[in-house]
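These notes concern the structure reproduced below.
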Amino acid sequence: MRRFPAEFADLLTPRGETLLAGRHAESGALTNPRTRFLALGGLIDPKQARAVALLLEKSLLAHLREMAQPIPPETIWEETRNYAEQLPKTMRQRTTHLDNPRSAAFRVAQDIGLIACLRSDSYRAFAAALAGRALKKKYGLQAIAYATGDYAGPHTDHHPEESDAARGYFDMHLSFATAAVRDQYLVYARTGHFTEMVEVTQTPGLVTAYRLPFWHYTTPLRAKPKQDAKARRWVLLGTFLFADQGAR
Ligand SMILES: [Fe+2]
Numbered sequence: 001m002r003r004f005p006a007e008f009a010d011l012l013t014p015r016g017e018t019l020l021a022g023r024h025a026e027s028g029a030l031t032n033p034r035t036r037f038l039a040l041g042g043l044i045d046p047k048q049a050r051a052v053a054l055l056l057e058k059s060l061l062a063h064l065r066e067m068a069q070p071i072p073p074e075t076i077w078e079e080t081r082n083y084a085e086q087l088p089k090t091m092r093q094r095t096t097h098l099d100n101p102r103s104a105a106f107r108v109a110q111d112i113g114l115i116a117c118l119r120s121d122s123y124r125a126f127a128a129a130l131a132g133r134a135l136k137k138k139y140g141l142q143a144i145a146y147a148t149g150d151y152a153g154p155h156t157d158h159h160p161e162e163s164d165a166a167r168g169y170f171d172m173h174l175s176f177a178t179a180a181v182r183d184q185y186l187v188y189a190r191t192g193h194f195t196e197m198v199e200v201t202q203t204p205g206l207v208t209a210y211r212l213p214f215w216h217y218t219t220p221l222r223a224k225p226k227q228d229a230k231a232r233r234w235v236l237l238g239t240f241l242f243a244d245q246g247a248r
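Per the numbering used here, residue 1 is the first one in the sequence shown, and the count goes up by one each step.
Laid out in C-alpha cells, this is it:
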C-alpha cells in the first residue's frame, strides 16, 4: 500500500460495512449506560491492516515526537503518610496531532492519503454508527505509536475544563500492529474495579470505541523474541463531541 484509500469504507470487510450501515449486532451498544468500551475485530480488512502498519512505519514514524511522563519520584520519597501515594498520568509513546496543516507530520499524512481517509464521509459515518449517537461535525485526529515497553498508566481522559466535553465525549481508535508484536492490553474499570482486559494487537485493524471518561490503562507493549526494534502498535485516533450534550 502506497496510499490510504480516499474513502475509509474501502478498508472495511463486509462485516465492517454492516456496522457502517447501522446493522451490526454491536451498533449502538455504547448507548447502554453500563457500556463505556467496545473492541471489535473483523471490521477492517486484515491484509490492508498489515499494509497500513508498514506504510505508517515507512512514512510517519520519523515525524512523531516522544511523549514521556515518568512516575514522579516525589510520589514516593516526599510522602509522609503510609499508603497516601497518588499517581498522576504516566506514559511513554510517540505521537502527533494531525490537525495542524503547517506541521511536517500533517504534510506527510496528507501525502499518503491518511488525512483524506480520516476526513472522508464514511469515516465520520462509521464513528457515528459505532457511537450510536449523532456527533458534532468537527473532530480531532491524532496518531500514536507504541514501541516495545511503551504504555499509558491509569487515567480517565476527563476534560472538566472544556464545557462541550465535560459531560463526556467519544473516541474511536484504529489499531495497526506490526508482525513483531507479541501483545499489549487495554485494561479498564467497570463498577469501580479494574476487572476488564482486552488484547489490542493480535487482531489486525482492531476497532476500539470509548465513551469517555472512565478509568483505563494500556500495558507495556511486548515484542516477540529478538524483535524489539520492529515491534510497534500504531493507533489512529478520532476524538468526537456528541451533538447532544444531554446525557452522560
Ligand atoms: Fe486514554
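Built from N, CA and C at the ideal position, the CB exists for glycine as well. For clarity, every value in this text was computed on a predicted model and none was experimentally measured.
Which value, in whole angstroms, describes the spacing of the CA atoms of residue i and residue j?
i	j	result
Ala49	Phe176	6 Å
Arg2	Pro72	42 Å
Phe126	Thr90	31 Å
Ala229	Val187	25 Å
Pro101	Glu79	45 Å
Ala117	Glu7	According to the sequence provided, residue 117 is Cys. The question's Ala does not apply to it. Roughly 5 Å between the two C-alpha positions.
Trp234	Ala143	7 Å
Gly28	Asp244	15 Å
Leu206	Arg124	17 Å
Pro5	Tyr151	30 Å
Lys138	Asp45	27 Å
Ser59	Ala231	16 Å
Asp10	Leu174	15 Å
Val148	Leu236	One point to set straight first is that residue 148 is Thr, not Val, in the sequence displayed. In a straight line, the C-alpha of Thr148 is about 18 Å away from that of Leu236.
Leu54	Arg81	49 Å
Ala131	Val200	19 Å
His97	Gln227	28 Å
Taking the alpha carbon of residue i as the point to measure from, which residue in the options has its own alpha carbon closest?
i	options	result
Arg190	Gln184, His173, Leu212 and Leu54	Leu212
Ser103	Ala116, His63 and Arg167	His63
His193	Tyr217, Glu79, Leu135 and Gln202	Tyr217
Trp215	Arg36, Glu7 and Ala243	Arg36
Glu162	Ile76, Asp45 and Leu241	Leu241
Val181	Ala131, Tyr169, Pro225 and Glu26	Pro225
Leu87	Thr95, Thr75 and Arg81	Thr75
Ala68	Gln93, Leu11, Leu56 and His24	Gln93
Ser120	Leu221, Leu20 and Ala223	Leu20
Met197	Val52, Leu38 and Leu11	Leu38
Gly41	Glu85, Leu12 and Ala105	Leu12
Ala223	Tyr146, Ala129 and Gly140	Tyr146
State buried or exposed for residue i, treating a residue as buried only when at least 16 other CB atoms are found within 10 Å of its CB.
i	result
Pro70	exposed
Ala259	Absent from the model: residue 259. The displayed extent of the chain is 1 to 248, so no value can be given.
Gly16	buried
Gln184	buried
Gly22	exposed
Gln110	exposed
Asp171	buried
Thr156	exposed
Tyr83	exposed
Pro204	buried
Thr195	exposed
Q) Of all the alpha helix (DSSP H) runs that stay within the bounds of the region 92-168, which reach a length of 4 or more residues? A) 104-111, 114-118 and 121-131
Q.
Going residue by residue through the region 177-224, where are the continuous alpha helix (DSSP H) segments of at least 4 residues, counting only ones entirely within it?
A. Counting whole runs of 4 or more residues, the region 177-224 contains no alpha helix (DSSP H) stretch at all.
Q: Write down every uninterrupted run of the beta strand (DSSP E) in the region 51-87 whose length is 3 residues or greater and which is fully enclosed by it, in chain order.
A: 65-69
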